[in-house]
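Student:
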Amino acid sequence: MKYYIIAGERSGDMHAANLMKELKIQDSEATFRFWGGDLMQAAGGELVRHYKEMAFMGFLEAAANTFKIVQFLRQCKADILNYQPDVIILVDYAGFNLRIAKFAKEQGLKVFYYISPKIWAWNQGRVHTIKKLVDRMFVILPFEEEFYGKFDYKVDYIGNPILDTIRNHQPGTDFIQRNQLSSKPIIAVLPGSRKQEIESILFIMLSVLPAFRDYQFVVAAVSNLNESYYENFNRDTNIKIVYDQTYDLLANSQAALVTSGTATLETALFNVPQVVCYTTSLISYWIGRAVIKVPYISLVNLIAGKQVVTELIQNDLTGRNIITELKKILLDKAFIQQQKAGYQEIREKLGEANSAAKAAELMVKYLQDPVSAAIKG
Numbered sequence: 400m401k402y403y404i405i406a407g408e409r410s411g412d413m414h415a416a417n418l419m420k421e422l423k424i425q426d427s428e429a430t431f432r433f434w435g436g437d438l439m440q441a442a443g444g445e446l447v448r449h450y451k452e453m454a455f456m457g458f459l460e461a462a463a464n465t466f467k468i469v470q471f472l473r474q475c476k477a478d479i480l481n482y483q484p485d486v487i488i489l490v491d492y493a494g495f496n497l498r499i500a501k502f503a504k505e506q507g508l509k510v511f512y513y514i515s516p517k518i519w520a521w522n523q524g525r526v527h528t529i530k531k532l533v534d535r536m537f538v539i540l541p542f543e544e545e546f547y548g549k550f551d552y553k554v555d556y557i558g559n560p561i562l563d564t565i566r567n568h569q570p571g572t573d574f575i576q577r578n579q580l581s582s583k584p585i586i587a588v589l590p591g592s593r594k595q596e597i598e599s600i601l602f603i604m605l606s607v608l609p610a611f612r613d614y615q616f617v618v619a620a621v622s623n624l625n626e627s628y629y630e631n632f633n634r635d636t637n638i639k640i641v642y643d644q645t646y647d648l649l650a651n652s653q654a655a656l657v658t659s660g661t662a663t664l665e666t667a668l669f670n671v672p673q674v675v676c677y678t679t680s681l682i683s684y685w686i687g688r689a690v691i692k693v694p695y696i697s698l699v700n701l702i703a704g705k706q707v708v709t710e711l712i713q714n715d716l717t718g719r720n721i722i723t724e725l726k727k728i729l730l731d732k733a734f735i736q737q738q739k740a741g742y743q744e745i746r747e748k749l750g751e752a753n754s755a756a757k758a759a760e761l762m763v764k765y766l767q768d769p770v771s772a773a774i775k776g
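Residue numbers (the numbering used here): 400 to 776.
(1) I'd like to know whether the C-beta atoms of Asn-714 and Val-708 end up nearer to each other than 8 Å.
(2) With distances taken between CB atoms, is the gap from Thr-723 to Leu-698 smaller than 8 Å?
(3) Does DSSP classify Ala-442 as helix, strand or coil?
(4) Mind checking who Thr-678 pairs with in its DSSP beta bridge?
(5) Under three-state DSSP, which class holds Glu-710?
(6) Between the C-alpha atoms of Ala-654 and Lys-476, what's the straight-line distance to the nearest angstrom?
(7) Short of 7 Å in beta carbon distance, which residues of its chain neighbour Gly-571, apart from the five on each side in sequence? Order them along the chain.
(8) How far does the beta strand (DSSP E) with Leu-589 in it reach, from first residue to last?
(9) Note the first and the last residue of the continuous beta strand (DSSP E) segment covering Ala-500.
(10) What would DSSP say about Ile-405, mapped onto helix, strand or coil?
(11) Tell me whether Ile-487 sits in a helix, a strand or coil according to DSSP, three-state version.
(12) When the Cα of Lys-549 is compared with those of Ile-499, Trp-519, Ile-514, Thr-430, which residue comes out closest?
(13) When the Cα of Tyr-629 is compared with those of Asn-670, Glu-598, Gly-407, which residue comes out closest?
(14) In its own chain, which residues sit with a C-beta less than 8 Å from the C-beta of Ser-606, not counting the 5 before and 5 after it?
(15) Let me know the secondary structure DSSP gives Gln-523 once reduced to three states.
(16) Going by C-alpha to C-alpha distance, which of Thr-645, Lys-467, Asn-522 sits closest to Asn-493?
(17) Just list the residues that DSSP pairs Phe-616 with in beta bridges.
(18) Quick one, which of Asp-768, Ile-561, Val-674 has its alpha-carbon nearest Leu-668's?
(19) If the criterion is Cβ atoms closer than 8 Å, does the pair Gly-591 and Ala-752 meet it?
(20) Do Asn-417 and Asp-563 come within 8 Å of each other at the CB atom, strictly closer than that value?
(21) Going by alpha carbons, who is nearest to Ile-424 out of Gln-767, Val-763, Glu-452?
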């Protein structure tokens, strides 16, 4: 069958690539056309547009790029009509993908959604739109199944793909030597993968270096941003920058400063104590405060249903507060143990791995059996 997949950011590229590999096992004649990234391209198929051109963060940033987004939508719709896929698989990225879902249903095309948009956090009314437009929804957070159930919409919980990625990761034994790191304990700094995130947060994260001279700060960088960009932040000999080695970095770290997002869950699954850091433009922040319906921003706390990790958000994200919280996860044994106990609860809630395989098996089944695919309530 012909699959058209749309992933608009780095994590979506990773999850979609794993799904594509599993779809090939279930459907040996599968062909792919997609909006995504390097990992999807390595999995096979034809890349239409790279996600790095589409990575707009926050309400204000999206509004400023409205014309560009409209152009992308037009291109995507025309490309779908030309390709005529058996199914369109949307990966998170709600603002763009729900518009494509509406177009697809108008054209009589089947729509699957892999990794639900975070409508439970804000704009919960979108669930009614999803019920009309999406044939099957595949969710990766345990509380999402209950959320959709409140609206009489049956979804498939297939486990969390981060479990698969971490389980399959083979840590390099020469990480320290390969990156010319010292023998000091490592504090991992995960500032995100988009310039808008990094520029808002990384300078604040690194401002605490003078208080932790017995440690080395190692920044998890991404290769789709060039080295000269990261060197703007490298103003101290106790800062090291490594590229595309986040999992190896976490496997060798004693603590972490993490920008809110998927990385908070990854850090928890590596059992690394963390402080969650987040800030955005003032307008985006106030809009977010007005519409967000959940008490936390990190996946760790959302899955646990309680505060497991400290979240320093907007005005609370100061050097002084980072120092206070970082000392707790480095030196306070009781605090560290409590956080790791929370991590264990999260692992139990997430359940078993093999989520991409489960999703692929269900997708092919639903494509072969349209009646079961249409059962939503």
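Ideal placement from N, C-alpha and C gives every residue a C-beta, glycine not left out.
Tutor: Working from what's here:
(1) Between Asn-714 and Val-708, the C-beta spacing is not below 8 Å.
(2) Taking 8 Å as the Cβ cut-off, Thr-723 and Leu-698 do not qualify as a contacting pair.
(3) Of the three classes helix, strand and coil, the one that applies to Ala-442 here is helix, per DSSP.
(4) Its beta-bridge partners do not exist; DSSP assigns none.
(5) In the three-state reduction of the DSSP assignment, Glu-710 falls in the strand class, which pools E and B.
(6) Distance between the alpha carbons of Ala-654 and Lys-476 is about 45 Å.
(7) Hits under 7 Å: Arg-577, Asp-647.
(8) From DSSP, the beta strand (DSSP E) with Leu-589 extends over 585 to 589.
(9) Not the beta strand (DSSP E): Ala-500 falls in the alpha helix (DSSP H), residues 493 to 505.
(10) Shown here, Ile-405 sits in a strand according to DSSP, grouped into three states.
(11) It is a strand residue.
(12) Checking every option, the nearest Cα to that of Lys-549 belongs to Trp-519.
(13) Measuring C-alpha to C-alpha distances from Tyr-629 to each of Asn-670, Glu-598, Gly-407 identifies Glu-598 as the nearest.
(14) Gly-718, Ile-721, listed in sequence order.
(15) When DSSP states are grouped into helix, strand and coil, Gln-523 belongs to the coil group.
(16) In the sequence on display, residue 493 carries Ala and not Asn. Answer by Cα proximity: Asn-522.
(17) Answer is Ile-586, Ile-638, bridged to Phe-616.
(18) Of Asp-768, Ile-561, Val-674, the smallest CA-CA separation from Leu-668 is found for Ile-561.
(19) Taking 8 Å as the cut-off, the Cβ atoms of Gly-591 and Ala-752 do not count as close.
(20) Going by C-beta atoms, Asp-563 is nearer than 8 Å to Asn-417.
(21) Distances from the CA of Ile-424 to each of Gln-767, Val-763, Glu-452 were compared; the closest alpha carbon is that of Val-763.
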